[in-house]
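Heads up: the protein sequence lines correspond to chains A and B, in order. Be aware that the first sequence starts at 1, since it is given in this note's numbering, and climbs by one per residue. Be aware that the second sequence starts at 441, since it is given in this note's numbering, and climbs by one per residue.
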Amino acid sequence: MLTRFTRYSRAAAAACLLGYSGVLLADDAEAMQQRLQQLEQEIKALKQSISAMQDATQQQPHLPAPVSTAAPPGGHSPIQIGLSSLVTAGGSSVDNEALEGLQAGAHDPNRNGFTVQNVELTLSGAVDPYFDAQASLIFQIDAGGETKVELEEAFFTTRGLPAGLQVKGGQYFTEFGRHNQQHPHSWAFVDQPLVLSRLFGGDGLRSQGARISWLTPLPWYSELYVGAQNASGETATSFLYEKDKTVGGHTLLDRDARDLGDLLYSARWLNGVDLSDTVSMNLGLSGLRGPNASGLNTDTTIYGADLYLKWQPSHSQRGFPFVSWHSEVLERRYETPDAKLKDWGGFTQALWGFTPGWVVGLRMEYAEGSGGKAGYDISTDALRDNRTRLSPNLTWYPTEYSKLRLQYNRDWTEHLAEKDAHALWLQFEYSLGAHAAHTF
Amino acid sequence: MQSICKLVLAIALSALPLLSQATLKVAATTQDLAAIAQELGGDRVEAISLTLGTRDPHYAEAKPSMIREVHDADLLLLVGADLEIGWLPPLLQAARNPRVLPGSAGYLDLSRTVPLLGVPSAPVARAMGDVHAQGNPHYWLNPANGLRMAQAIAARLAALDGAHAADYQARLTNFEQRLQAKITAWQAALAPLKGKPVIAYHDSFPYLADAFGLHIVAHVEPVPGIAPGPAHLQKLVARIKSEQVGLLIMEPYYERRSANYLAEQTGIKIAVLPQSVGSAPQIMTYFDLFDAIVAALQKAGAL
Chain A
1 MLTRFTRYSR AAAAACLLGY SGVLLADDAE AMQQRLQQLE QEIKALKQSI SAMQDATQQQ
61 PHLPAPVSTA APPGGHSPIQ IGLSSLVTAG GSSVDNEALE GLQAGAHDPN RNGFTVQNVE
121 LTLSGAVDPY FDAQASLIFQ IDAGGETKVE LEEAFFTTRG LPAGLQVKGG QYFTEFGRHN
181 QQHPHSWAFV DQPLVLSRLF GGDGLRSQGA RISWLTPLPW YSELYVGAQN ASGETATSFL
241 YEKDKTVGGH TLLDRDARDL GDLLYSARWL NGVDLSDTVS MNLGLSGLRG PNASGLNTDT
301 TIYGADLYLK WQPSHSQRGF PFVSWHSEVL ERRYETPDAK LKDWGGFTQA LWGFTPGWVV
361 GLRMEYAEGS GGKAGYDIST DALRDNRTRL SPNLTWYPTE YSKLRLQYNR DWTEHLAEKD
421 AHALWLQFEY SLGAHAAHTF
Chain B
441 MQSICKLVLA IALSALPLLS QATLKVAATT QDLAAIAQEL GGDRVEAISL TLGTRDPHYA
501 EAKPSMIREV HDADLLLLVG ADLEIGWLPP LLQAARNPRV LPGSAGYLDL SRTVPLLGVP
561 SAPVARAMGD VHAQGNPHYW LNPANGLRMA QAIAARLAAL DGAHAADYQA RLTNFEQRLQ
621 AKITAWQAAL APLKGKPVIA YHDSFPYLAD AFGLHIVAHV EPVPGIAPGP AHLQKLVARI
681 KSEQVGLLIM EPYYERRSAN YLAEQTGIKI AVLPQSVGSA PQIMTYFDLF DAIVAALQKA
741 GAL
C-alpha cells in the first residue's frame with residue numbers, strides 16, 4: 001500500500017513538473033485561464049446532473065434500494081464455542097458400591113446424592129475451504145472428588161470431496177447404531193442404555209482412527225461408513241482392553257496391535273426416508289470386528305440394528321407435539337482361547353412431546369450373556385447377568401438452552417442380593433454459547 | 441461377483457442423468473423462498489423447500505431426506521439472520537456439497553439483501569429470550585423485501601446459468617411488474633389499519649407492520665419464545681382496554697388459549713395470519729400469501 005502510494009505521488013510530481021515546464025515554454029497564461037474556466041463549468045454541470053439523479057431515485061415509490069448480490073463476507077464466526085453442564089441429584093434403594101454396577105455408564109448418575117455427570121466444552125468450526133473440525137472436552141468430578149478431564153472427541157471432516165465421499169479422522173465416537181454417537185446432553189434419558197455400557201464400556205465406543213463415508217446416489221438417503229480405529233483402551237472394552245481386567249472369567253493379557261489385523265474395523269449402512277410429510281424413519285445396520293485381549297489370536301465381533309421413527313404433525317409449535325420411537329439391538333461374539341462368549345441386549349424407547357416444552361418418555365431394556373471360563377458364575381457379573389430395566393421419565397425444556405428431567409429406574413437383576421432396585425433421579429442441564437444442533 | 445458388478449454399474453449409470461441435468465436444482469429453507477425461485481426460474485429451475493410452511497422453520501431438524509436434497513442442489517437459498525441456525529450447519533456438514541457452502545456461488549443468504557429490522561443496538565443476552573442478534577428474520581412479510589429477494593435470486597440464477605440470463609431477467613421484470621401492481625392493491629385493502637394499535641403474539645410481524653402502517657404496541661409473549669403467564673396476560677388486558685387495541689395478530693402454529701382469553705376479557709379481534717407460503721394448502725405463491733393475509737384480516741373483521 002505504502003509503496004503504491006509513493007509510486008503514485010512520484011508520478012504525480014513528474015506530471016506536474018512536465019505540465020509546468022510546458023506552460024512556461026508556451027508562455028500562454030491567458031489560454032490556460034480559459035481552459036480552467038471551461039473545466040469549472042463542466043464540473044458544475046456534472047454536479048447538477050448528479051443531484052438531479054439523486055432526487056429522482058428518492059422520489060420513486062416502492063422501488064427497493066439497490067441490492068448487493070455478492071456472497072456474504074465470512075458468513076459465520078470462525079469458531080463456535082459451547083459449554084453444556086449436566087448435574088443430577090437422586091438416590092437408589094441400593095448403596096453406592098452396588099449403584100456403580102447398576103449405573104455402569106461413566107456419565108450416568110451413580111451416587112446417592114449429587115452427581116456432576118458431564119461438563120462439556122465444545123469447539124467447532126471450519127478450518128479452511130477443505131476441512132471442518134470439532135473438539136469436545138469433558139470435565140467430570142469423580143467419586144473421590146477429583147476433577148477429571150477427558151478428550152471425548154477431536155476430529156476433522158472433509159468439506160468437499162467429490163462423489164459424495166467424506167473422510168473423518170481423529171478421536172471420535174464410532175458410528176455404530178444411533179445412540180453411541182450421542183453426547184450425554186442430547187440423551188433422552190439420564191443414563192445410557194445398559195447394552196451399550198456392557199458391550200462398549202462406560203464411555204461408549206470411541207477411539208483414534210479414520211473413516212470414510214459415502215452418500216450413495218440412491219434416490220433416498222443412504223450412506224455407507226467404513227472405518228478403522230485403534231482397538232485399545234477403556235473406550236473399547238470389548239477389544240484390547242486393559243491388562244488384568246476380566247471378561248467372562250478370563251483375565252485379559254497385555255496384548256498390543258501387531259499388524260493391520262489388530263485394528264478395530266467398523267461398517268455402518270444408514271438409510272433414511274420420509275414415509276410421509278409427518279413421519280420420517282432411519283434404519284441402520286452396523287458391524288464391528290477387532291482383536292480382544294483374552295488371548296493372542298482372539299477376536300470380537302459385534303452386530304447391531306437400529307430403528308428410529310419420528311412423527312410430527314404438519315402444524316406444530318416449536319417442534320411440538322411429536323412422538324419418536326428409537327430401538328436398538330446388539331449382539332457380541334467374544335472369542336476366548338477356550339470358548340465363545342455370547343452377549344446380547346437391546347432397548348426400545350418412546351418419547352411423546354405432548355405440549356411445547358414437555359416430553360414424557362418410557363424406556364424398556366433387556367440384556368443377557370452366556371458362556372465363560374470354568375468356575376465363573378455369570379449370575380454374579382454385573383456386566384453379563386440377566387437384567388431388565390424399565391425407566392419412565394418426564395422432561396421440561398423451559399427454552400432450548402435448559403432442561404429439567406425426572407426419571408425413575410426399576411431394575412430386575414441377578415447379581416444383586418435383593419434382585420431388584422429402585423432409583424429416582426432429578427437432572428438439570430444448561431448450555432451456554434453455541435446454539436445446539438437440531439439433528440434428526 | 442459378476443452380478444454385484446452389474447448392480448454397481450447399474451446404480452452408477454442411473455446416477456449419470458443427475459450429473460448432466462439441464463435444470464438448476466434449488467433447495468430453499470422455506471416455501472416462501474422456493475416459491476419465488478420457482479417463479480423466476482420457470483422450467484429452467486426445480487425448486488424445493490426443506491421445511492413445510494405450516495411449521496416454525498426455526499425448530500426444523502436436519503432430516504435425512506434434507507441431506508439428499510442439499511447434496512444434489514446447485515443453489516441453496518436461506519432466510520438467514522440465525523433463523524436456521526439449529527439445523528442448517530449440521531445439514532451442510534452432512535450433505536458434503538461444496539457448491540452450496542457459505543461463500544460459494546451456490547449459497548445465497550437473503551437476509552443480506554434486505555434492510556433488517558430489530559437489529560439490537562446493545563449486546564444481546566439469552567436472558568432476553570430468543571432475540572436474534574443479527575435482526576428480526578421475518579422480513580419476507582414486507583412485499584417490498586420480496587422484490588429485493590427476487591432481484592437477488594434472479595441475479596444468482598443468471599450467474600449460475602449464464603446461458604439463460606436473459607430468461608431470468610425477463611421473468612424478474614414480469615414478477616416485479618405483477619408485484620408492484622399487487623402492492624398497490626394490498627395497500628389500498630389494508631388502508632383502514634394504518635396507524636391502528638395492534639398486538640402480536642410473537643415478534644414476527646414488524647415487517648408486515650412496516651409495510652402497511654400497522655402499529656404493534658405489545659406482544660403476547662413476555663419475551664420472544666416464552667409463552668405468557670397469567671400476570672402478563674392481566675397486564676395485556678389492562679393495556680388493551682386503556683389503549684383501545686382492537687386487533688391481535690398471530691401465526692397459526694402458536695397456542696390459542698392466551699389469545700382466546702384476551703378476546704373473552706376485552707373483545708379484541710383475533711386474526712390468525714398465514715406467515716408463509718404453504719401455511720395453508722391454497723397458499724402456493726408469494727402473491728397468494730399476501731392475498732391470504734388480507735383475507736384473514738377481513739375475516740377477523742379488522743377491515
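Positions of the beta carbon are idealized from the N, C-alpha and C atoms, including for glycine.
Measure the Cβ-Cβ separation of residue 482/B and residue 597/B and say whether it is below 7 angstroms.
no
Partners in chain A for residue 527/B, counting only beta-carbon separations shorter than 9 angstroms
437, 438, 439, 440
Could you check whether the Cβ of residue 314/A sits closer than 7 angstroms to any Cβ belonging to chain B?
yes
Along the chain, where does the beta strand (DSSP E) containing residue 709/B start, and where does it finish?
709-712
Cβ shell of residue 660/B (< 6 angstroms), same chain only, five flanking positions each side left out:
641, 668, 698
Note down the Cα distance separating residue 507/B from residue 230/A, rounded to an integer number of angstroms.
30 angstroms
Excluding the 5 residues preceding and the 5 following residue 458/B in the sequence, name in chain order all residues of the same chain whose CB lies nearer than 6 angstroms to its CB.
Because the pLDDT of residue 458/B is 47, which lies under 50, any placement of that residue in the model is unreliable, and the number read from its coordinates should be weighed accordingly. Excluding residues within five positions, none has a Cβ falling inside 6 angstroms.
Distance check for residue 518/B and residue 43/A, CA to CA, integer angstroms please.
45 angstroms
Please go through the same chain and pick out, in chain order, the residues whose beta-carbon is closer than 6 angstroms to the beta-carbon of residue 460/B, but skip the five residues on each side of it.
Residue placement at residue 460/B is flagged as unreliable, the pLDDT there being 43, under the threshold of 50; the coordinate-derived value follows with that caveat. None.
On a Cα-Cα basis, can you pick out the residue from 105/A, 100/A, 118/A that is closest to residue 85/A?
118/A
Is there a C-beta anywhere in chain B that falls below 7 angstroms from the one on residue 182/A?
no
Buried or exposed: where does residue 79/A fall if 16 or more other Cβ atoms within 10 Å of its Cβ makes it buried?
exposed
Please classify residue 431/A: does DSSP put it in a helix, a strand, or coil?
strand
Taking only three categories from DSSP, how would you classify residue 139/A?
strand
Could you check which residue in 323/A, 337/A, 403/A, 273/A has the C-alpha nearest to that of residue 504/B?
273/A
Flag residue 317/A as yes if its beta-carbon sits less than 7 angstroms from any beta-carbon of chain B, otherwise no.
yes
Counting only beta-carbon atoms, is residue 58/A nearer than 7 angstroms to chain B?
The pLDDT assigned to residue 58/A is 43, lower than 50, so where the model puts this residue is not dependable; a value taken from the coordinates is nonetheless given after this. No, no contact with chain B.
Three CB pairs or more closer than 8 angstroms across the region 637-651 of chain B and the region 573-590 of chain B
yes
8 angstroms CB neighbourhood of residue 739/B in its chain, flanking five on each side removed
711
Please identify the residue among 286/A, 238/A, 276/A, 182/A whose C-alpha is closest to the C-alpha of residue 252/A.
238/A
Can you tell me whether residue 505/B is helix, strand or coil according to DSSP?
helix
Between residue 324/A and the rest of its own chain, which residues show a CB-CB distance below 6 angstroms, the 5 nearest in sequence each way excluded?
310, 351
4 or more residues per run - each alpha helix (DSSP H) lying fully within the region 100-151 of chain A
none
Between which two residues does the alpha helix (DSSP H) harbouring residue 745/B extend?
In the structure displayed, chain B extends from 441 to 743; residue 745/B sits before or after that span and is not available.
To the nearest whole angstrom, what separates the beta carbons of residue 383/A and residue 396/A, a pair I think is in contact under 8 angstroms?
33 angstroms between Cβ atoms; not a contact.
Of the choices 563/B, 615/B, 610/B, whose alpha-carbon is the least far from that of residue 583/B?
615/B
For a cutoff of 7 angstroms on Cβ pairs, would you count residue 221/A as touching chain B?
yes
Quick one: does residue 722/B have its CB under 7 angstroms from some CB of chain A?
no
How far does the alpha helix (DSSP H) with residue 670/B in it extend, from its first residue to its last?
670-683
Could you check where the beta strand (DSSP E) with residue 616/B kicks off and where it finishes?
No beta strand (DSSP E) contains residue 616/B, which is instead part of the alpha helix (DSSP H) from 605-629.
Within its chain, find whatever has a CB closer than 8 angstroms to the CB of residue 727/B; leave out the 5 residues flanking it on each side and keep chain order.
618, 619, 622
Using 10 angstroms around the beta-carbon of residue 693/B, count the other beta-carbons present and answer buried if the total reaches 16, otherwise exposed.
buried
Report yes if the C-beta distance between residue 639/B and residue 688/B is below 7 angstroms; otherwise report no.
yes
Sequence-distant residues of the same chain with beta carbon closer than 6 angstroms to residue 14/A, five excluded per side:
Residue placement at residue 14/A cannot be trusted, given a pLDDT of 47 that sits under 50; what the coordinates show is reported in the next sentence. Closer than 6 angstroms at the Cβ level, and outside the excluded window around residue 14/A, lies no residue.
Just to make sure I have the definition right: I need the residues of chain A whose C-beta is within less than 7 angstroms of the C-beta of residue 533/B. Which are they?
132, 157
Determine, using beta-carbon pairs with one atom in the region 93-107 of chain A and one in the region 407-426 of chain A, whether at least three such pairs fall under 8 angstroms.
yes
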